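Asks: Numbering follows our numbering, in which position 394 of the sequence shown is assigned residue number 401; successive positions increment by one, without gaps.
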Amino acid sequence: MYTVAVDIGGTFTDVVVVDDRNGRAYVGKTPSTPEDLQLGVMSGLEDAAQGVGIPLSRLLGDTDRMVHATTQSSNAVFAFTGAKTAVIATRGFGDTLTIMRATGRVAGLSVFERHHYRMTQKPRLLADERDIFEVVERMDYSGRIVTPLDEDSVRLAAARIREGGYQAVAVGLLFSHKNAAHEQRVRDILCESLPGVYLSISSEVAPVLGEYERSATTLFNAYVGPVIENYIRRLETTLVDAGLNRKFLIVQANGGVATASQTVPIFTIESGPAAGVVGAAHIAQALGVPNVIATDVGGTTFKVAIVENGRWGYSRETVLNQYQLRLPMVDLASIGAGGGSIAWTDGGRLRVGPQSAAAQPGPACYGLGGQEPTVTDADVVLGYIAPDRFLGGRMKLHPDQAVQAIRRRIADPLLGGDVLAAAAGIRQVIDSQMADLIRKSTLERGRDPRDFVMMAYGGSGPVHAASYGSDIGVKEIIVPFLATVHSAYGAALSDIRFSLQYSDPLVLPVAPERLESIYASMETTGHRNLGEADVPLERRQFQRWVEARYRRQVHHVRVATPSRIDAAGVDQIARTFEAEYERLFGKGAGLRNAGIELVNYGVDAVGLVSKVAEEKGVPGGNPKPSGFRDTYCPRSNRMVSTPVYDGPRLPTGTQFVGPAVIEHPGTTIVVLDGQSARIDEYRHTHILTRAGTRSHE
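#1: Distance, Cα to Cα, G699 vs E211?
#2: Less than 6 Å between C-beta atoms, sequence neighbours within five positions excluded: which residues of the same chain meet that for E190?
#3: Identify whether H123 lies in helix, strand or coil by the three-state DSSP scheme.
#4: Express the C-alpha separation of G466 and R701 in angstroms, rounding to a whole number.
#5: What does DSSP give as the partner residues of F635 in its beta bridges?
#6: Would you tell me roughly how many angstroms separate the C-alpha atoms of L256 and Y639, rounded to the nearest one?
#7: Leaving out five residues on either side along the sequence, give the residues of the same chain with a beta carbon under 8 Å from the beta carbon of I196.
#8: For D573, name the three-state secondary structure that DSSP assigns.
#9: Please go through the stretch 537-625 and give each complete beta strand (DSSP E) segment of 3 or more residues, from N-terminal end onward.
#10: Using beta-carbon positions only, say whether P672 and T649 come within less than 8 Å of one another.
#11: Excluding the 5 residues flanking E704 on each side, which residues of the same chain have their C-beta closer than 6 Å to its C-beta?
#12: With DSSP as the reference, identify every bridge partner of P38, one or two as the case may be.
#13: Taking Cβ positions, are A175 and V204 nearer each other than 8 Å?
#14: Which of the three DSSP states, helix, strand or coil, is assigned to R701?
#15: Using only the alpha-carbon positions, how far apart do H471 and M402 sit?
#16: If you run the structure through DSSP and keep just helix, strand and coil, what is D57?
#17: Evaluate V94 with the Cβ neighbour count: other Cβ atoms within 10 Å of its Cβ, from every protein chain shown; 16 or more gives buried, anything less gives exposed.
#18: For V285, tell me which candidate among I276, W319, T308, I273 has the shortest Cα-Cα distance.
#19: Could you please give the first and the last residue of the uninterrupted alpha helix (DSSP H) stretch that includes T110?
#20: When the distance is taken between beta carbons, is A293 closer than 8 Å to Y689?
#21: Would you kindly report the start and end of the unbroken alpha helix (DSSP H) that includes A76?
#22: Please name the residue, chosen from T244, T97, I417, V234, that lies closest to R356 on a Cα-to-Cα basis.
#23: List the endpoints of the continuous beta strand (DSSP E) containing E688.
#24: What are the boundary residues of the beta strand (DSSP E) that includes F663?
#25: Whole angstroms are fine: how far does the CA of D438 sit from the CA of P512?
#26: Under 8 Å, with one C-beta from each stretch per pair, do the stretch 104-119 and the stretch 144-156 reach the 3-pair mark?
#27: Mapping the DSSP letters down to three states, classify D138 as helix, strand or coil.
#28: Check whether the Cβ atoms of L133 and F227 lie closer than 8 Å to each other.
#29: Assuming the contact rule is C-beta atoms closer than 8 Å, G468 and T302 should be a hit. Round their C-beta distance to whole Å, please.
#30: Taking only runs that begin and end inside the stretch 454-534, name each unbroken beta strand (DSSP E) of 3 or more residues, in chain order.
#31: For the alpha helix (DSSP H) containing K447, list its first residue and its last residue.
#32: Let me know the secondary structure DSSP gives M8 once reduced to three states.
#33: Just checking, does the stretch 445-456 make contact with the stretch 478-487 on the three C-beta pairs under 8 Å criterion?
#34: Do you know offhand how far D386's Cα is from S278's?
#35: Less than 8 Å separating the beta-carbons of D21 and V388?
#36: Alpha helix (DSSP H) containing Y219: first to last residue?
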């Protein structure tokens, strides 16, 4: 039997097939098809089936578990192709989504963009004032009914929504996270009045404190809901027709998976990168590495996540199109920097990104009509990527077009026509941007990069990791054997996971029974969800957490809580919070006399899946290079003859020194001068850097 995982990226669609009998993995990789993502999925599956050596129908028929990470929700949001959405709000609070806590002009923007405040503007609204309908009702902060729900006002709103031809409705009433009775009744009326219209209810999607964030999350869920449901339904039908006879699982932003019917559409945002972090944690555990900086360089973005003691962190909120959302998602930092990032000039200075050439037309070297120079074009000019062996030789690159694009846009305006210097400059700029993002995720959060091993994956990660890794001072870089499809591999390993949340601000000390009842209620819901996903009792696990703060503070700190809470458990929560607060902000930074306030509570209900051990490589001596080619050496600032190794054929135990290039289907690992590399028992590549020095000095 097989586990099959599909991850759609901005440039490529990746497929991993794991043979559950021996852990052997097979790979499929095809260009993404933004016009119809399903086409890229089926093409990737066909490619993987060829690698297994069996027809696709047989592969799907023998599949025990099918997992999918999709960018469909992201595409709908960024391209504004979601459903026509109406909003129902409490009377007097319809402007919440347009006021945006007065942060809408700058939320999610870089420091550079914020400094030019007069050039900023609020994002395009998913629902403007014409799409917002107020109903008569009111709860107070404790969930007590102040004004009963006027059902006639709901029916009037429903009639106007029907007349407006809306496809989805987001319902976000004030303080519904404390008492959902009014929202539930609104939902019932809308179901009767608007059959076929997608409903998104805030007390179900984001039952947490924070009216704006809760409403925005509910709005985005309504906006992408019909698109996601239609996409999943079409793809599932196609897969069943092609031979699949198992439940179809969707990767979530929290690093877990859920059945298609249990999937909350907005929770699929950033699902692929989240799966990559799961894969990084799994590999690190197998290698006995507790702390990892996971870096993912795709075609459009560069993402960083931190794994400490085998566990990844979670972000309290995320920013999407300048809206602040409350989503249970893996803590990922991201910038627009990838293989497709476009190089450009700005007042005599070289800039790279955040704009991307994406899959279509792609970098100039693709020969598909792209005219702008990209990072991939620079890597081709510098000799790091072989034009005749891209994607294992299935896609031929055109270095002459890369040279022309770099000369026209960068070399001639800035460097007197020196194409090599321009390409090296593009690489140096993008690598510095990546290193800066890692510093923000480590040094600016009280972590020393030298205490971590860095892992690099994605199609472009292995090409650049030796540079940005040594720049931040890590001593060792691990490039997974399946780096080019690593997020799909992580999806194959992901457990079933439901992230449950609840808000109820309480100041310590608090009765243990009250806290225990909060968690017990969420765990009851978790058991129900896991049961619907066919997870047996012995494979269920519950992870509790709380977001706490010192009283009168704004920001929270998330810490784990005991599995059962008594008086000692309450004391343990306080000690854990104080220790974590001092770790983050420095010894003595706590405000113990102010008191500790517990704000948000959560339970991750996990259904553990069996994970087959990775296939091990074959040991052997140090092989000879498969050839040589000229690559750019940053230390000498010139092209030098460099040995090239065939990555899949390297035996375990292989060791060599840089400069060197290791070629894999879909990516290339660059080892710079002064560095060394070895192949471990699982065929992962370990690069030992000149720790603490800049690779392009």
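A virtual CB, placed ideally from N, CA and C, is assigned to each residue, including glycine. Values in this document were obtained by computation on a predicted structure and should not be read as measured data.
Replies: Quick answer:
#1: Within the sequence shown, numbered from 1, the residue matching residue 699 stands at position 692. Within the sequence shown, numbered from 1, the residue matching residue 211 stands at position 204. Confidence is the limiting factor: at G699 the pLDDT is only 42, short of 50, which leaves the residue's position unreliable and the question unanswerable from this model.
#2: The residue you call residue 190 lines up with position 183 of the sequence shown. Hits under 6 Å: V178, L180, S183, I208, S210.
#3: Start at 1 with the first residue of the sequence shown, and residue 123 comes out as number 116. Looking at H123 - three-state DSSP - the assignment turns out to be coil, as it is neither helix nor strand.
#4: One-based indexing of the sequence shown puts residue 701 at position 694. One-based indexing of the sequence shown puts residue 466 at position 459. With a pLDDT of only 40 at R701, under the threshold of 50, the placement of this residue in the model should not be trusted, and no figure is reported.
#5: On the sequence shown, position 628 is the one that residue 635 refers to. The partner list for F635 (beta bridge, DSSP) reads P650.
#6: The sequence position of residue 256 within the sequence shown is 249, counting from 1. The sequence position of residue 639 within the sequence shown is 632, counting from 1. Cα to Cα, L256 sits roughly 44 Å from Y639.
#7: On the sequence shown, residue 196 is found 189 positions in, with the first residue counted as 1. Closer than 8 Å at the Cβ level, and outside the excluded window around I196, lie E158, V161, R162, A165.
#8: Stepping through the sequence shown from its first residue, residue 573 is reached at position 566. Coil.
#9: Runs of the beta strand (DSSP E) spanning 3 or more residues and lying entirely within the stretch 537-625 occur at 547-557, 564-567, 603-614, in chain order.
#10: Residue mapping note: residue 672 aligns to position 665 of the sequence shown, counting from 1. Residue mapping note: residue 649 aligns to position 642 of the sequence shown, counting from 1. No. Outside cutoff.
#11: Here residue 704 is taken as the residue at index 697 of the sequence shown, counted from 1. Note that E704 scores a pLDDT of 35, beneath 50, so its modelled location is shaky and nothing firm can be said.
#12: Counting from 1 along the sequence shown, the entry for residue 38 is found at position 31. Paired residue(s): F19.
#13: Your numbering for residue 175 matches position 168 in the sequence shown. Your numbering for residue 204 matches position 197 in the sequence shown. Taking a C-beta distance under 8 Å as the contact criterion, A175 and V204 qualify as a contact pair.
#14: If you number the sequence shown from 1, residue 701 lands on position 694. Because R701 sits at a pLDDT of 40, beneath the cut-off of 50, its placement in the model cannot be relied upon, and the following sentence gives the value as read from the coordinates. Coil, per DSSP.
#15: Position 464 of the sequence shown, counted from the first residue, corresponds to residue 471. Position 395 of the sequence shown, counted from the first residue, corresponds to residue 402. A direct Cα-Cα distance of roughly 21 Å separates H471 from M402.
#16: Position 50 of the sequence shown, counted from the first residue, corresponds to residue 57. In the sequence as presented, Asp is not what sits at residue 57; that position holds Gln. Note: Q57 maps to helix in three-state DSSP.
#17: Locating residue 94 in the sequence shown gives position 87, where the first residue counts as 1. Per the 10 Å Cβ criterion, buried.
#18: Translated into the one-based positions of the sequence shown, residue 285 becomes position 278. The shortest CA-to-CA distance from V285 to any of I276, W319, T308, I273 is the one to W319.
#19: Locating residue 110 in the sequence shown gives position 103, where the first residue counts as 1. For T110, no alpha helix (DSSP H) encloses it, and the DSSP letter there is neither H nor E.
#20: Within the sequence shown, the letter at position 682 stands for residue 689. Within the sequence shown, the letter at position 286 stands for residue 293. Yes, they are a contact pair.
#21: The residue you call residue 76 lines up with position 69 of the sequence shown. From DSSP, A76 is part of no alpha helix (DSSP H) but of the beta strand (DSSP E) over 70-76.
#22: If you number the sequence shown from 1, residue 356 lands on position 349. That would be I417, whose Cα lies nearest to the Cα of R356.
#23: Reading the sequence shown from its first residue, position 681 is the one you call residue 688. DSSP places E688 outside any beta strand (DSSP E), giving it a letter other than H or E.
#24: The count along the sequence shown starts at 1 and reaches residue 663 at position 656. F663 -> beta strand (DSSP E) spans 662-664.
#25: Residue mapping note: residue 512 aligns to position 505 of the sequence shown, counting from 1. Residue mapping note: residue 438 aligns to position 431 of the sequence shown, counting from 1. Straight through space, the alpha carbons of D438 and P512 are spaced by roughly 43 Å.
#26: No contact exists between the stretch 104-119 and the stretch 144-156.
#27: Translated into the one-based positions of the sequence shown, residue 138 becomes position 131. Of the three classes helix, strand and coil, the one that applies to D138 here is helix, per DSSP.
#28: Your numbering for residue 133 matches position 126 in the sequence shown. Your numbering for residue 227 matches position 220 in the sequence shown. Yes; because the gap between Cβ atoms is below 8 Å, this pair is in contact.
#29: Reading the sequence shown from its first residue, position 461 is the one you call residue 468. Reading the sequence shown from its first residue, position 295 is the one you call residue 302. The beta-carbon separation of G468 and T302, rounded to 6 Å, stays under the 8 Å limit for a contact.
#30: For secondary structure counted as the beta strand (DSSP E) over 3 or more consecutive residues, the stretch 454-534 holds these complete runs in sequence order: 460-464, 483-486, 503-514.
#31: Taking the sequence shown and counting its residues from 1, the one referred to as residue 447 is at position 440. First-last of the alpha helix (DSSP H) with K447: 426-448.
#32: Within the sequence shown, numbered from 1, the residue matching residue 8 stands at position 1. For M8, the three-state secondary structure derived from DSSP is coil.
#33: Yes, the stretch 445-456 touches the stretch 478-487.
#34: As a position in the sequence shown, residue 386 is number 379, starting the count at 1. As a position in the sequence shown, residue 278 is number 271, starting the count at 1. Distance from the CA of D386 to the CA of S278, rounded to the nearest whole angstrom, comes to 28 Å.
#35: Within the sequence shown, the letter at position 14 stands for residue 21. Within the sequence shown, the letter at position 381 stands for residue 388. Pairing D21 with V388 gives a Cβ-Cβ distance that is not under 8 Å.
#36: Sequence index remark: in the sequence shown, residue 219 carries index 212 (1-based). Its alpha helix (DSSP H) spans residues 218-249.
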